[in-house]
Amino acid sequence: MEINGKPLLMVHDFEQAARDTLPHNAYEYLEGGVADDLTVRENRTVFDRMHLNPQALVDVSKLDTSLDLFGMKLAFPVLLAPTGYHKLFHPDGELETLRGAEASGAHFMTACFSTVAYEEIASAATRPLSFQLYLQPHREHTKAIVDTVLGAGCAALCVTVDVPVNGPRDRELRSGFGLPEGAERSNLSFLGQSLAHAPHRPAGRDIYSPVRAPNATWSELQWLRSVTPVPLIIKGLLNPEEAEKAIDCGCDGVIVSNHGGRSIDTAPAAITALPRIVQRVRGRVPVLVDGGIRRGTDVFKCLALGAKAVLIGRPYLYGLAVAGAAGVARVVEILRTELEMAMGLMGCARLSDITAARLWQP
Ligand SMILES: Cc1cc2nc3c(=O)[nH]c(=O)nc-3n(C[C@H](O)[C@H](O)[C@H](O)COP(=O)(O)O)c2cc1C
1 MEINGKPLLM VHDFEQAARD TLPHNAYEYL EGGVADDLTV RENRTVFDRM HLNPQALVDV
61 SKLDTSLDLF GMKLAFPVLL APTGYHKLFH PDGELETLRG AEASGAHFMT ACFSTVAYEE
121 IASAATRPLS FQLYLQPHRE HTKAIVDTVL GAGCAALCVT VDVPVNGPRD RELRSGFGLP
181 EGAERSNLSF LGQSLAHAPH RPAGRDIYSP VRAPNATWSE LQWLRSVTPV PLIIKGLLNP
241 EEAEKAIDCG CDGVIVSNHG GRSIDTAPAA ITALPRIVQR VRGRVPVLVD GGIRRGTDVF
301 KCLALGAKAV LIGRPYLYGL AVAGAAGVAR VVEILRTELE MAMGLMGCAR LSDITAARLW
361 QP
């Protein structure tokens with residue numbers, strides 16, 4: 001795949017192309033973190049500082065990247081993270097992302113703030129989808145969303161808990177970012193136009209969002225568990241104690257994440273927080289991780305530290321912006337191929353061969 005005569009060989013090429021393609025405010029929404037973007041950078045630099053410990057003379061003539069996750073068979077351990085407002089990046093929004101996900105075989109976790117309603121995405125899907133939920137200020141509104149997505153066959157529910165209030169999204173604010181005409185939070189349209197189409201940041205540095213609960217505590221998670229008959233995954237933890245509480249509440253999976261550096265600035269890289277959570281969880285539920293994954297070696301490092309799978313956010317949005325479904329599929333294929341190359345070069349034929357022994361200990 002090429003754009004303006006330049007080959008798109010790696011995720012970084014897609015990032016450059018997205019910057020050249022997108023309107024400035026959409027690009028700032030996509031790329032920005034919060035405050036000084038220190039956690040965004042940390043998510044990357046920790047991967048770059050980690051060294052690998054290859055093994056020679058292992059039979060890698062057959063590589064197997066398949067896994068079972070939340071009752072689904074996946075061909076490889078890279079999922080599409082929930083991200084909002086895909087109509088900013090392509091006129092067909094999440095439907096176009098779905099086409100790319102299906103073409104590449106990647107599992108798509110659709111977002112609460114999608115610009116196409118979950119039922120519409122699900123009715124176009126030929127494979128299971130999961131749905132990311134933001135708990136709403138009123139429980140009956142959360143329940144209505146949950147009932148709708150379960151009714152549309154949602155395979156797993158992922159509740160994001162790391163943004164009870166807004167962070168200082170200064171890059172967005174400076175760029176004048178707002179939801180364009182024709183784009184709304186379609187899953188929230190039952191709440192009325194004022195909430196479904198509320199500007200992303202109503203009055204600049206508002207602390208509270210009208211469509212995310214600032215008052216949710218662990219008892220709300222227990223309640224959510226009681227009304228969710230499919231796997232329930234918690235997203236946005238960095239602390240082992242909280243992973244323990246999530247398991248106590250009946251969660252079936254934990255996603256270690258700092259929201260791609262978009263929640264609290266100077267939180268550690270997700271990969272830094274991963275080992276302690278893995279140690280505490282002791283295999284009781286799968287632990288996933290996201291944040292800063294741009295290379296197959298990054299995926300490999302996450303798995304070596306005990307993640308069962310990883311998610312990518314910005315990379316597939318670059319693909320969506322640059323070349324629609326084909327771009328999404330190409331980004332996934334790049335990471336999948338790079339992971340296979342890393343496995344071969346590291347002497348790991350199966351995912352279960354990727355252990356902490358493959359990380360260089362100084
Ligand atoms: C543009 C954008 C929108 C996002 N929207 C959501 C969202 O609605 N819900 C959510 O749980 N996470 C959201 N995230 C966070 C992602 O799910 C994921 O944690 C993060 O993107 C991973 O980091 P990466 O972008 O470096 O891969 C968003 C991230 C980006 C970049």
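In the numbering used here, the protein residues as written are 1 to 362.
Backbone N, C-alpha and C define an ideal beta-carbon position, used for all residues, glycine too.
Give the DSSP-derived three-state secondary structure of residue i in the structure shown.
i	result
Ala-309	strand
Gln-132	strand
Ile-121	helix
Asp-290	strand
Leu-179	coil
Asp-37	coil
Pro-315	helix
Leu-8	coil
Ala-299	Note that residue 299 is Val in the sequence shown, not Ala. Note: Val-299 maps to helix in three-state DSSP.
Leu-237	strand
Gly-260	helix
Leu-57	coil
Ile-207	coil
Gly-167	coil
Gly-100	helix
Between residue i and residue j, what straight-line distance do the alpha-carbon atoms span, to the nearest angstrom?
i	j	result
Val-58	Cys-348	8 Å
Phe-76	Val-40	25 Å
Arg-280	Glu-244	7 Å
Gly-236	Pro-210	20 Å
Leu-52	Arg-44	16 Å
Leu-232	Gly-71	12 Å
Asp-170	Arg-330	31 Å
Pro-54	Ile-293	20 Å
Ala-213	Val-159	12 Å
Leu-67	Ala-357	21 Å
Leu-63	Ser-194	51 Å
Thr-89	Ile-271	The sequence shown places Phe at residue 89, rather than the Thr named in the question. Looking at the two C-alpha atoms, the distance is approximately 28 Å.
Tyr-316	Pro-23	17 Å
Ile-277	Arg-295	23 Å
Gly-313	Ala-56	33 Å
Leu-150	Trp-218	22 Å
Leu-320	Gly-105	16 Å
Val-287	Glu-28	30 Å
His-141	Asn-187	11 Å
Pro-275	Gly-5	42 Å
Pro-137	Leu-191	12 Å
Ala-125	Thr-65	23 Å
Just to check, is the beta-carbon of residue i closer than 6 Å to a non-hydrogen atom of ligand 1?
i	result
Ile-312	yes
Pro-82	yes
Ala-56	no
Ala-363	No statement about residue 363 is possible, as the shown extent of the chain runs from 1 to 362 and does not include it.
Thr-355	no
Gly-292	yes
His-197	no
His-259	yes
Thr-160	yes
Gln-193	no
Leu-30	yes
Gln-132	yes
List the DSSP bridge partners of residue i.
i	result
Lys-143	In the DSSP output, where bridge partners are listed per residue, Lys-143 has none listed.
Leu-157	Phe-131 and Leu-232
Arg-350	Asp-64
Met-341	Met-341 pairs with nothing; no bridge assigned.
Leu-50	The residue asked about is misnamed: residue 50 is Met in this sequence, not Leu. Answer is none; Met-50 lacks a bridge partner.
Trp-72	One point to set straight first is that residue 72 is Met, not Trp, in the sequence displayed. BP columns for Met-72 point to Leu-69.
Thr-110	Phe-131
Val-78	Val-310
Leu-359	Leu-52
Glu-2	Pro-7
Ile-255	Lys-235 and Leu-288
Return the chain-ordered list of same chain residues with a C-beta closer than 6 Å to the C-beta of residue i, the five sequence neighbours on each side being excluded.
i	result
Gly-84	Ala-111 and Phe-113
Ala-196	Glu-184, Arg-185, Leu-188 and Ser-189
For residue i, which residues in the same chain have their Cβ closer than 7 Å to its Cβ, ignoring the five residues on either side in sequence?
i	result
Ala-152	Tyr-118, Glu-119 and Ala-122
Val-285	Ile-247, Cys-251, Asp-252, Gly-253 and Val-254
Leu-303	Pro-77, Leu-351 and Ile-354
Val-227	Lys-143 and Val-146
Asp-206	Asn-166
Arg-127	Glu-102
Ala-81	Met-109, Asp-290, Leu-311, Ile-312 and Gly-313
Within its chain, find whatever has a CB closer than 8 Å to the CB of residue i; leave out the 5 residues flanking it on each side and keep chain order.
i	result
Val-322	Ile-3, Leu-8, Phe-14, Ala-17, Ala-18 and Thr-21
Ala-216	Leu-135, Val-161 and Pro-164
Lys-301	Phe-47, Met-50, Leu-52, Ile-271 and Leu-359
Thr-97	Leu-80, His-86, His-90, Phe-108, Tyr-316, Leu-320, Ala-325 and Val-328
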